[in-house]
Amino acid sequence: MSTLHVLSHSPFTDSRLDSCLRLCGSNDAILLCGDGAYGLHSPTLQTKGVKVFVLAEDMQARNLPLPDWADSVDYPGFVQLSIDYDKVNTWL
Numbered sequence: 018m019s020t021l022h023v024l025s026h027s028p029f030t031d032s033r034l035d036s037c038l039r040l041c042g043s044n045d046a047i048l049l050c051g052d053g054a055y056g057l058h059s060p061t062l063q064t065k066g067v068k069v070f071v072l073a074e075d076m077q078a079r080n081l082p083l084p085d086w087a088d089s090v091d092y093p094g095f096v097q098l099s100i101d102y103d104k105v106n107t108w109l
C-alpha cells in the first residue's frame, strides 16, 4: 500500500522529516509544502531514494531552486497525488 506523506514544517526546526523518512516505504512519496519546502536543502532527503514533490507556490514564495531529484506540483497536481496514492498521511 502506497502512502503520500505531506510535510509542512521546516526540517530545521523539528524532527518530523526524519521520523517520516524512517517510516517511508519503497512505494511512498513525500510532498513538501509550506515551510516544509525547506526540506529541499536537507541532505538526508536527497539520499533516501524516496520520491519527493514540492508545492510549486511554496517553493517559489521561499525563492528555493528545484533540485533534479524532486518534482514540483501545483494545487491540481497535489489533488492528483492524493488520488494516485492509497493513503495520505499529513504530518501535523
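18 is the number of the first residue of the sequence shown in this note's numbering; add one for each residue after it.
For glycine and all other residues, C-beta sits at the position ideal for the given N, C-alpha and C.
State the CB to CB distance for the pair residue i and residue j, rounded to an integer number of angstroms; the pair is presumed to be in contact (CB under 8 Å).
i, j, result
"T61", "L38", "6 Å"
"F70", "L34", "Wrong, their Cβ atoms sit about 14 Å apart, outside the cutoff."
"G53", "S25", "5 Å"
"D91", "A73", "5 Å"
Buried or exposed: where does residue i fall if 16 or more other Cβ atoms within 10 Å of its Cβ makes it buried?
i, result
"V12", "Outside the shown range of the chain, which is 18 to 109, sits residue 12, and nothing can be said about it."
"K68", "buried"
"M76", "buried"
Helix, strand or coil: which one does DSSP assign to residue i?
i, result
"D91", "coil"
"L109", "coil"
"L83", "coil"
What are the start and end residues of each continuous beta strand (DSSP E) run of 3 or more residues lying completely inside the stretch 50 to 81, in chain order? Whole beta strand (DSSP E) segments, 3+ residues: 68 to 72.
Does the stretch 82 to 100 come close enough to the stretch 27 to 34 that 3 or more CB-CB pairs lie under 8 Å? No: the two stretches stay apart, fewer than three of their Cβ pairs being nearer than 8 Å.
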